[in-house]
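**Student:**
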Amino acid sequence: MGSEPQDRRLASQIPGPVRQHALALEAALQEDTTGAFRAVQDGLSEVSEQVETFDDPSLRAHAARAGERLAAFGLGLAVRDGSVEEVFEWSERWRVVTAPAHAGSPAGIERVRAQLGAGSLVEFVTHEESLLAVLISERRVLLRRLADIREVKESIVRLRYSLRRHTRPGDVEAAAADVERLVLQPLLAELGNGPLVAVPVGALHTLPWGALPCLRERPVSVAASASAWMRARNLERALHDGPPVVVAAAGPSLAHAHAEVAHVLACHPGGRESPARTADVLRALRTADVLHLAAHGVFHARSPLVSGITLEDGPLMAYDLLEAPRSPELVVLSACNSGMSRAPVDGAPLGLPGTFLAKGASCVVAGLVPVRDEAARAMMGVFHELVVAGRSPDAALACAAAKTGEHAFVCFGAGDRALY
Numbered sequence: 001m002g003s004e005p006q007d008r009r010l011a012s013q014i015p016g017p018v019r020q021h022a023l024a025l026e027a028a029l030q031e032d033t034t035g036a037f038r039a040v041q042d043g044l045s046e047v048s049e050q051v052e053t054f055d056d057p058s059l060r061a062h063a064a065r066a067g068e069r070l071a072a073f074g075l076g077l078a079v080r081d082g083s084v085e086e087v088f089e090w091s092e093r094w095r096v097v098t099a100p101a102h103a104g105s106p107a108g109i110e111r112v113r114a115q116l117g118a119g120s121l122v123e124f125v126t127h128e129e130s131l132l133a134v135l136i137s138e139r140r141v142l143l144r145r146l147a148d149i150r151e152v153k154e155s156i157v158r159l160r161y162s163l164r165r166h167t168r169p170g171d172v173e174a175a176a177a178d179v180e181r182l183v184l185q186p187l188l189a190e191l192g193n194g195p196l197v198a199v200p201v202g203a204l205h206t207l208p209w210g211a212l213p214c215l216r217e218r219p220v221s222v223a224a225s226a227s228a229w230m231r232a233r234n235l236e237r238a239l240h241d242g243p244p245v246v247v248a249a250a251g252p253s254l255a256h257a258h259a260e261v262a263h264v265l266a267c268h269p270g271g272r273e274s275p276a277r278t279a280d281v282l283r284a285l286r287t288a289d290v291l292h293l294a295a296h297g298v299f300h301a302r303s304p305l306v307s308g309i310t311l312e313d314g315p316l317m318a319y320d321l322l323e324a325p326r327s328p329e330l331v332v333l334s335a336c337n338s339g340m341s342r343a344p345v346d347g348a349p350l351g352l353p354g355t356f357l358a359k360g361a362s363c364v365v366a367g368l369v370p371v372r373d374e375a376a377r378a379m380m381g382v383f384h385e386l387v388v389a390g391r392s393p394d395a396a397l398a399c400a401a402a403k404t405g406e407h408a409f410v411c412f413g414a415g416d417r418a419l420y
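In the UniProt record's numbering, the protein residues as written are 1 to 420.
Laid out in structure tokens, this is it:
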């Protein structure tokens with residue numbers, strides 16, 4: 001054995017999260033759960049300090065991975081104890097560490113319940129090879145073990161394939177019912193009929209939620225965390241007289257893009273069309289309350305921040321948005337795959353929706369699978385008509401999907417704030 005100074009010197013060279021993980025393991029073996037949780041929290045605080053030195057979302061996510069195993073250990077302790085409050089707390093603590101810069105503190109269950117009203121929030125977590133869910137509603141809070149992670153992922157792949165290939169309706173229905181059975185069936189008795197906030201993990205980030213039978217005609221918002229949902233729904237609105245400022249642009253090579261934009265602008269009093277060029281769209285971000293882009297979307301799984309919307313002079317990438325001073329309150333991306341994200345760690349989905357939300361959007365409506373041009377035009381026409389009639393974006397999207405049968409679009413952020 002070395003001397004005490006040598007031991008201290010060697011210990012100081014061990015990365016903080018690794019050291020705290022060892023201390024947490026030691027405390028857990030001694031049945032000191034409080035001490036184990038304290039060690040995990042101290043380690044995550046060190047990770048958070050490192051993450052906060054970066055503004056770039058991809059660098060933040062990379063830095064956060066140093067705490068991934070430690071966070072999983074803390075969550076495992078909470079799951080072992082069977083306390084729904086502890087599971088939710090540790091899930092939120094980790095998601096806040098990985099969230100966009102200056103995201104604030106993790107949300108507590110009672111704060112979430114106070115804002116849900118008649119709705120429900122389901123936060124999904126993974127433990128070992130299983131998918132679990134914390135459900136928070138006006139009536140109760142509960143924890144459920146749902147299914148094997150691999151089985152859930154495979155079922156989502158089948159549903160996305162059916163929607164993408166426009167296979168027979170029966171195939172889509174069967175695939176959607178299979179996902180519902182694994183992901184939501186054990187919670188249905190407690191969900192009620194109100195709006196749903198879904199906080200996904202892993203493959204659930206790619207799920208077109210509105211395709212599930214139990215969610216059709218139900219307003220659904222998808223958020224990176226409960227804290228992110230609360231932050232989005234409580235953002236201050238731009239102060240100006242009159243109706244919302246609406247800007248729309250039609251990208252190239254879409255047969256119905258200009259007709260779609262014309263319909264959108266006809267719905268909104270005073271709406272204006274922007275040239276579909278990168279500089280013009282970025283300029284519109286400074287003043288618009290609502291931005292609608294009808295264009296092709298491209299998602300790059302390996303580098304999600306170079307995913308973008310195809311404009312006349314090239315793609316508007318997520319990276320381009322990082323320097324924008326603000327984002328419109330509502331962003332509508334009528335583009336295939338524009339809602340796709342990759343989450344290197346829980347709470348940090350990288351892609352267009354997450355980037356718009358990080359820049360101050362309250363809600364982003366975007367597609368998760370390819371949509372025919374004509375179907376997108378019909379869907380978006382109904383959606384904007386309902387928004388102008390006073391429906392919140394999540395309710396308008398659910399109703400438009402029910403009327404048109406198009407379930408590819410998802411409402412990210414907090415979709416329950418009406419603009420009119």
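Yeah, the Cβ is synthetic: ideal placement off N, Cα and C, and Gly gets one too.
Can you give me the C-alpha to C-alpha distance between threonine 206 and leucine 77, rounded to a whole angstrom?
**Tutor:** 28 Å
**Student:** Starting from the N-terminal side, write out each stretch of the alpha helix (DSSP H) that is 4 residues or longer and does not extend beyond the segment 181 to 256.
**Tutor:** 188 to 191, 226 to 233
**Student:** Going residue by residue through the segment 272 to 360, where are the continuous alpha helix (DSSP H) segments of at least 4 residues, counting only ones entirely within it?
**Tutor:** 278 to 284, 318 to 321, 352 to 358
**Student:** Would you mind sorting leucine 25 into buried or exposed? The rule is 16 or more other CB atoms within 10 Å of its CB.
**Tutor:** Using a 10 angstroms sphere on the CB of leucine 25, the tally of other CB atoms stays under 16, which defines it as exposed.
**Student:** Can you check whether the CB of leucine 285 is closer than 8 Å to the CB of alanine 318?
**Tutor:** no
**Student:** Tell me whether arginine 80 is buried or exposed, calling it buried when 16 or more other Cβ atoms sit within 10 Å of its Cβ.
**Tutor:** exposed
**Student:** To which residues does DSSP link cysteine 411 through a beta bridge?
**Tutor:** Looking at the DSSP assignment, cysteine 411 forms a beta bridge with Val365.
**Student:** For the beta strand (DSSP E) that contains arginine 144, what are its first and last residues?
**Tutor:** 141 to 148
**Student:** Going straight from the alpha carbon of glutamine 30 to that of phenylalanine 88, what length do you get?
**Tutor:** 24 Å
**Student:** Within its chain, find whatever has a CB closer than 8 Å to the CB of threonine 53; leave out the 5 residues flanking it on each side and keep chain order.
**Tutor:** Ala63
**Student:** Mind checking valine 197: buried by the 16 CB within 10 Å criterion, or exposed?
**Tutor:** By the neighbour-count rule (16 or more Cβ atoms within 10 Å), valine 197 is buried.
**Student:** When we look at the beta-carbon of histidine 263 and count the other beta-carbons within 10 Å, is it buried (16 or more) or exposed?
**Tutor:** Under this definition histidine 263 is a buried residue.
**Student:** Rounded to whole angstroms, what's the CA-CA distance from alanine 335 to alanine 248? Just pull it up for me.
**Tutor:** 13 Å
**Student:** Taking the alpha carbon of isoleucine 156 as the reference point, which residue from Val51, Ala174, Ala279 has its own alpha carbon closest?
**Tutor:** Ala174
**Student:** Enumerate in chain order the residues of its own chain whose CB-to-CB distance from methionine 1 is below 6 Å, with the five nearest sequence positions on each side excluded.
**Tutor:** Summary for methionine 1: the model assigns pLDDT 49, below 50, so the residue's position carries little reliability; its value from the coordinates is reported in the next sentence. Nothing listed; no residue qualifies.
**Student:** Contact defined as beta carbons within less than 8 Å: I believe leucine 146 pairs with leucine 121. What is the distance between those atoms, to the nearest angstrom?
**Tutor:** Actually they are not in contact, since the Cβ atoms of leucine 146 and leucine 121 sit about 16 Å apart, beyond 8 Å.
**Student:** Got a sec? Which residues, its chain only, sit under 8 Å from arginine 111 by beta carbon, not counting five neighbours each side?
**Tutor:** Counting only Cβ-Cβ distances below 8 Å, and skipping sequence neighbours, we find Met230.
**Student:** With DSSP run on the structure shown, which of helix, strand or coil describes alanine 107?
**Tutor:** coil
**Student:** Among the candidates Asp241, Gly367, Val387, Glu374, whose CA atom is the shortest distance from the CA of histidine 268?
**Tutor:** The residue with the shortest Cα to Cα distance from histidine 268 is Val387.
**Student:** Is the Cβ-Cβ distance between alanine 418 and glycine 381 less than 8 Å?
**Tutor:** no
**Student:** Measure the C-alpha to C-alpha separation of alanine 402 and valine 141 and round it to an integer number of angstroms.
**Tutor:** Going from the Cα of alanine 402 to the Cα of valine 141 covers about 30 Å.
**Student:** So what does DSSP say about glutamate 129, is it helix, strand or coil?
**Tutor:** coil
**Student:** Buried or exposed: which applies to serine 327, given that a residue is buried once 16 or more other Cβ atoms fall within 10 Å of its Cβ?
**Tutor:** buried
**Student:** Rank Val172, Gln41, Asp32, Pro393 by C-alpha distance to the C-alpha of valine 18 and give the top, closest one.
**Tutor:** Gln41
**Student:** In the structure shown, what three-state DSSP assignment does serine 45 receive?
**Tutor:** helix
**Student:** Look at the alpha carbon of valine 222 and the alpha carbon of valine 410, and state the distance between them as a whole number of angstroms.
**Tutor:** 7 Å
**Student:** Could you give the C-beta distance for phenylalanine 299 and cysteine 363, rounded to a whole number, given that I count them as a contact under 8 Å?
**Tutor:** Rounded, the Cβ-Cβ distance is 20 Å, inconsistent with contact.
**Student:** Leaving aside the five residues before and after aspartate 7 along the sequence, list all residues of the same chain whose C-beta is less than 6 Å from its C-beta, in chain order.
**Tutor:** With a pLDDT of only 47 at aspartate 7, under the threshold of 50, the placement of this residue in the model should not be trusted; the figure read from the coordinates follows. Same-chain partners within the cutoff: there are none.
**Student:** Could you name the residues that DSSP lists as bridge partners for glutamate 123?
**Tutor:** Val134, Val199
**Student:** What is the DSSP secondary structure of alanine 402, counted as helix, strand or coil?
**Tutor:** helix
**Student:** With a CB to CB cut of under 6 Å and the five nearest residues on each side skipped, what residues in its chain are close to histidine 384?
**Tutor:** Val264, Cys267
**Student:** Between the alpha carbons of aspartate 289 and valine 51, how many angstroms are there, rounded?
**Tutor:** 31 Å
**Student:** Output needed for alanine 66: all residues of its chain with C-beta closer than 6 Å, excluding positions within five of it in sequence on either side, in chain order.
**Tutor:** Annotation for alanine 66: Pro17, Val47 place their beta carbon closer than 6 Å to its own, counting only its chain and skipping 5 residues before and after.
**Student:** Where threonine 404 and methionine 379 are concerned, what is the direct C-alpha to C-alpha distance, given to the nearest angstrom?
**Tutor:** 6 Å
**Student:** Helix or strand or just coil, what does DSSP make of threonine 34?
**Tutor:** When secondary structure is reduced to three states using DSSP, threonine 34 falls in the helix class.
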